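Chains as they are written, first to last, in our numbering: chain A, 1207 to 1554; chain B, 1207 to 1554.
Encoded structure:
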């Protein structure tokens, strides 16, 4: 593999981002959707925040109030043995998540060269109703004509579903409702209609039985989705044996739709791999990575808010090279250039 | 409550149903969808079957093969301490369901009086592809014009999703694909378009957080669904505090859409309740039962394959009385007539 991580990595760090309010701090800037807009490369960043606190014996967690008008702060006692604080991402009790430790919103960053970004001082999309009360996360951006469609995880006490929004200019955004019900994440819309229909990859998480695996759905209008089909599942062992889901918006190549996806093993080590899907029938898997395309190896990938994670939500095809933008360790944004040929070589 | 359970209850019992093959036995005939077709009342029954076995130390479980062409039988050793056989409905290991103990298909029963039914000797819909490999369950039938739409649970190792089929005559059936991805059950389509859109109730089961609660979705064409909204959730305590989901297809009344739904407490005791939804905006709850409409009390409701269950998938409005068809104890079909006024009296 001839991966070139940018010498500027991480290209966006916590200190590059102003919190949305003075009593909050930024825990991470990661898992950004990517778009080419006029002469700019735009990242739609996920910004995770939590209230400032100077006490080691408490965790302050933010969530939206029921009316969607304000952010409430709840205090959890770290010395309470009834709670489990071992996963930095959430608070659990009796094995069940009771609250996330941060509230995420989406923020625009702009660049001329795709490496040096200016992060806007204000949120682009902030949680605004009950089904977003625990945050909006992991956006993917798909350009179709002049409109950029944004899918994102919509988290609340009701579960995590897939929200849809749109923009023409990355200044004003319009929500279009929940396109997939809980539990579903990692939704990305294909950039072209295929045989007259829109397609999207998605990743349901069933409770009673079944695993977090990749599915595909169709739509006549982007708002309503159906004909859900199973696309691909966990491997028996190895890097994508515990959970998986779509990553970057699929890229059209000569050999098929190239979809970079994430997989994790039972130790929560997240890598990126690739799958090729048939151009005319994206429900058909042509080939899939047997070894990861990118593994967490750099210091900023191994250490962070949640370590050993590389997680891409968007990539660009520059001639024969894929420029992959990815969240590293749930804390920073990074970029890597990977020759298309090297990605193909991971495929069986 | 002035509930009149039919004196003929159970109106369909195991011995009334021929197994689909001679080496299988019927474990239950229950949770039937209901339709009025010409001069007949039709029940679309769920028939659960398992292979015949004369050994007490084994459990034989059926599932469809990968190609969808044949039913395989797998043998589980009841003396193996690694498996948990305590729930009659499934086999578990390490707290996770590994296999259902029966394979369900759908079967037509016909009646002139709505009480005495003739059960057809052959399945109407039998599992036929990988996403139905563990069975098709709990149908709901909605008539729109001349077409009867059937939603059903489509179970497989990939989880339980919502299948859609249609028929004009209850003799030939056409599948229309998976309308909602796993994990989702208890889907019922409203019998009229409302403001130009189709609506359905559904019951996702999120894994990471969230509960089995009722949602509503919209569709332009019945195949593709979106604008998912949370409808109503578990009560703090009581009969519908652990899980809930839609039951009978909603009935139009003067006061609103009357949706009979099921709820269970932490001891898996399933009751039926009711909710009234706004006629013009069915996402708006007008009122909901604080006490159950029907509780498992009769012997055939308390004792059976899975006891203490009343579970309706369909009901008819006969003047001012609701005739509710329901599965009892996951084993037999029963009928109860309930005055509309008594149902209204349960609503807060």
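Note that the Cβ used here is the ideal one computed from N, Cα and C, for glycine as well. Bear in mind the structure is a predicted one, so any value in this text is a computation, not a measurement.
Please list, in chain order, the chain A residues whose beta carbon lies closer than 7 Å to that of residue i.
i: residue 1413 of chain B; result: 1389, 1411, 1412 and 1413
i: residue 1425 of chain B; result: 1430
i: residue 1463 of chain B; result: Ordered by position in chain A, no residue passes the 7 Å Cβ test against residue 1463 of chain B, which lies about 20 Å from the chain.
i: residue 1421 of chain B; result: 1387
Starting from the Cα of residue i, find the closest Cα among the options and give me that residue.
i: residue 1333 of chain A; options: A:1327, A:1360 and A:1465; result: A:1360
i: residue 1261 of chain A; options: A:1282, A:1472, A:1442 and A:1414; result: A:1282
i: residue 1249 of chain A; options: A:1430, A:1432, A:1346 and A:1475; result: A:1346
i: residue 1211 of chain B; options: B:1265, B:1297, B:1529 and B:1554; result: B:1529
i: residue 1502 of chain A; options: A:1493, A:1515, A:1511 and A:1491; result: A:1515
i: residue 1532 of chain B; options: B:1287, B:1410 and B:1519; result: B:1519
i: residue 1263 of chain A; options: A:1312, A:1276, A:1285 and A:1251; result: A:1285
i: residue 1238 of chain A; options: A:1549, A:1388, A:1463 and A:1330; result: A:1330
i: residue 1548 of chain B; options: B:1317, B:1433 and B:1526; result: B:1526
i: residue 1430 of chain B; options: A:1405, A:1414, A:1472 and A:1338; result: A:1405
i: residue 1434 of chain A; options: B:1365, B:1455 and B:1418; result: B:1365
i: residue 1524 of chain A; options: A:1295, A:1372, A:1259 and A:1319; result: A:1319
i: residue 1423 of chain B; options: B:1446, B:1445, B:1392 and B:1413; result: B:1392
i: residue 1474 of chain A; options: A:1243, A:1293 and A:1223; result: A:1293
i: residue 1352 of chain A; options: A:1244, A:1458 and A:1223; result: A:1244
i: residue 1265 of chain B; options: B:1289, B:1508 and B:1272; result: B:1289
i: residue 1426 of chain A; options: A:1398, A:1418 and A:1446; result: A:1398
i: residue 1504 of chain A; options: A:1497, A:1384, A:1534 and A:1486; result: A:1534
What residues from chain A crowd round residue i, counting only those whose CB sits closer than 9 Å?
i: residue 1162 of chain B; result: The requested residue 1162 of chain B does not occur in the structure, where chain B is confined to residues 1207 to 1554.
i: residue 1408 of chain B; result: 1387
Identify the residues that DSSP records as bridge partners of residue i: which are they?
i: residue 1391 of chain B; result: B:1409
i: residue 1240 of chain A; result: A:1249
i: residue 1308 of chain B; result: Residue 1308 of chain B pairs with nothing; no bridge assigned.
i: residue 1323 of chain B; result: Residue 1323 of chain B pairs with nothing; no bridge assigned.
i: residue 1362 of chain A; result: A:1365
i: residue 1381 of chain B; result: B:1371
i: residue 1540 of chain A; result: A:1532
i: residue 1430 of chain B; result: A:1432
i: residue 1289 of chain A; result: DSSP output for residue 1289 of chain A lists no bridge partner at all.
i: residue 1256 of chain B; result: B:1231
i: residue 1343 of chain B; result: B:1359
i: residue 1273 of chain B; result: Partner(s): none; residue 1273 of chain B has no beta bridge.
i: residue 1223 of chain A; result: DSSP, once it has assigned bridges, lists no residue as partnering residue 1223 of chain A.
Output, in chain order, the set of chain A residues within a Cβ distance shorter than 8 Å of residue i.
i: residue 1303 of chain B; result: 1414 and 1415
List the residues of chain B that residue i touches, going by C-beta distances under 7 Å, in chain order.
i: residue 1234 of chain A; result: Ordered by position in chain B, no residue passes the 7 Å Cβ test against residue 1234 of chain A, which lies about 19 Å from the chain.
i: residue 1367 of chain A; result: 1434
For residue i, return the contacting residues in chain B, with the cut-off set at a CB-CB distance below 8 Å.
i: residue 1363 of chain A; result: 1415 and 1416
i: residue 1436 of chain A; result: 1336, 1337 and 1364
For my contact list, residue i and residue j are in at a C-beta cut-off of 8 Å; report their separation, rounded to the angstrom.
i: residue 1218 of chain B; j: residue 1315 of chain B; result: 6 Å
i: residue 1453 of chain B; j: residue 1420 of chain B; result: About 10 Å; that fails the 8 Å criterion.
i: residue 1240 of chain A; j: residue 1448 of chain A; result: Rounded, the Cβ-Cβ distance is 26 Å, inconsistent with contact.
i: residue 1311 of chain B; j: residue 1368 of chain B; result: Actually they are not in contact, since the Cβ atoms of residue 1311 of chain B and residue 1368 of chain B sit about 17 Å apart, beyond 8 Å.
i: residue 1537 of chain B; j: residue 1517 of chain B; result: 11 Å between Cβ atoms; not a contact.
i: residue 1303 of chain B; j: residue 1256 of chain B; result: No, residue 1303 of chain B and residue 1256 of chain B are not in contact; Cβ-Cβ is about 16 Å, not under 8 Å.
i: residue 1253 of chain A; j: residue 1232 of chain A; result: 6 Å
Between which two residues does the alpha helix (DSSP H) holding residue i run?
i: residue 1209 of chain B; result: Where residue 1209 of chain B is concerned, there is no enclosing alpha helix (DSSP H), given that its DSSP letter is neither H nor E.
i: residue 1550 of chain B; result: 1546-1551
i: residue 1163 of chain B; result: As shown, chain B starts at 1207 and ends at 1554. That puts residue 1163 of chain B outside it, with no answer to give.
i: residue 1336 of chain B; result: Looking at the DSSP string, residue 1336 of chain B is not in any alpha helix (DSSP H), and its letter there is neither H nor E.
i: residue 1217 of chain A; result: That residue, residue 1217 of chain A, is in no alpha helix (DSSP H); it is neither H nor E in DSSP.
i: residue 1508 of chain A; result: 1505-1508
Within the continuous beta strand (DSSP E) that includes residue i, where are the two ends?
i: residue 1491 of chain A; result: 1491-1494
i: residue 1423 of chain A; result: 1420-1425
i: residue 1298 of chain B; result: 1296-1299
i: residue 1469 of chain A; result: 1462-1470
i: residue 1459 of chain A; result: 1457-1459
i: residue 1521 of chain B; result: 1516-1524
i: residue 1481 of chain B; result: 1476-1483
i: residue 1280 of chain A; result: 1277-1283
i: residue 1267 of chain B; result: 1264-1270
i: residue 1452 of chain A; result: 1449-1452
Using 7 Å as the cut-off, classify the Cβ of residue i as near or not near the heavy atoms of the ligand PLP, replying yes or no.
i: residue 1261 of chain B; result: By its list of ligands, the structure shown contains no ligand whatsoever, and the ligand PLP lies outside what it can speak to.
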